[in-house]
Amino acid sequence: MDERELLVLGLLMTQSQHGYQINDFIERNLGQVSDMKKATAYSILKRLDKQGCVDVTVEQEGNRPPRQIYSITDHGKKEFYNLLRSSLAHAENVTPAGEIGLMFIDHLSRNDARELLEIKLDKMNELIETLSKIPPHEEGIGVNLSFRHRLALLECNRKFLQETIKELQ
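Counting in UniProt numbering, the sequence shown runs from 1 upward without gaps.
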């Protein structure tokens with residue numbers, strides 16, 4: 001299941017858009033939940049076009065270069081709902097970044113390990129503070145649920161780090 005395809009199709013469910021609009025929206029509004037790069041979005045749009053999930057029309061405004069406008073097709077809507085259902089029902093045992101480091105923490109002194117985890121905890125606190133300041137999305141609950149989920153995971157990690165730092169003292 002490709003969540004990046006779900007993201008692009010989901011954005012097209014609201015309105016037809018050109019590639020720059022899609023990338024700009026992802027970068028400005030979804031940077032905390034997606035690390036998708038611009039080139040990736042464009043390659044996904046090309047793939048979705050080949051699969052018949054989107055229609056592409058060319059728009060010309062004045063002297064500006066022509067731009068491609070992407071619209072979701074009926075086939076794309078079916079694919080969106082299939083991906084959405086799959087995503088919501090999917091459970092995955094994800095290995096968080098840093099997990100391997102924890103496995104080998106015994107190779108450091110307790111003091112060094114504690115100091116490094118304190119640095120990580122500071123970064124975790126900054127992330128939590130940043131996410132906590134994001135204003136709620138006005139339409140629907142989906143975007144808010146995604147941010148709340150991300151915040152809950154970070155807070156769980158923070159609690160784990162705090163407990164582990166205490167154990168190392």
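Ideal Cβ placement from N, Cα and C applies to all residues, glycine included.
Residue range of the beta strand (DSSP E) that includes residue i
{"i": "residue 164", "result": "First-last for residue 164: 142 to 168, but that is the alpha helix (DSSP H), not the beta strand (DSSP E)."}
Extent of the continuous alpha helix (DSSP H) to which residue i belongs
{"i": "residue 119", "result": "110 to 132"}
{"i": "residue 89", "result": "74 to 89"}
{"i": "residue 8", "result": "3 to 14"}
{"i": "residue 139", "result": "No alpha helix (DSSP H) holds residue 139; DSSP gives it neither H nor E."}
{"i": "residue 103", "result": "99 to 103"}
Nearest-angstrom beta carbon gap, residue j and residue i [assumed within contact, 8 Å]
{"i": "residue 12", "j": "residue 98", "result": "So it is not a contact: roughly 35 Å between Cβ atoms."}
{"i": "residue 45", "j": "residue 19", "result": "6 Å"}
{"i": "residue 108", "j": "residue 9", "result": "About 46 Å separates the two Cβ atoms, so there is no contact after all."}
{"i": "residue 161", "j": "residue 117", "result": "6 Å"}
Residue i - partner residues in DSSP beta bridges
{"i": "residue 20", "result": "Beta-bridge pairing links residue 20 to no other residue."}
{"i": "residue 69", "result": "18 and 57"}
Buried/exposed call for residue i, threshold 16 Cβ in 10 Å
{"i": "residue 17", "result": "buried"}
{"i": "residue 80", "result": "buried"}
{"i": "residue 124", "result": "buried"}
{"i": "residue 36", "result": "buried"}
{"i": "residue 93", "result": "exposed"}
{"i": "residue 7", "result": "buried"}
Within-9 Å CB hit, residue i to chain B
{"i": "residue 52", "result": "Any reference to chain B falls outside this structure, which holds one protein chain only."}
Segments of 3+ residues assigned as beta strand (DSSP E) that fall wholly inside the region 41 to 66: 54 to 59
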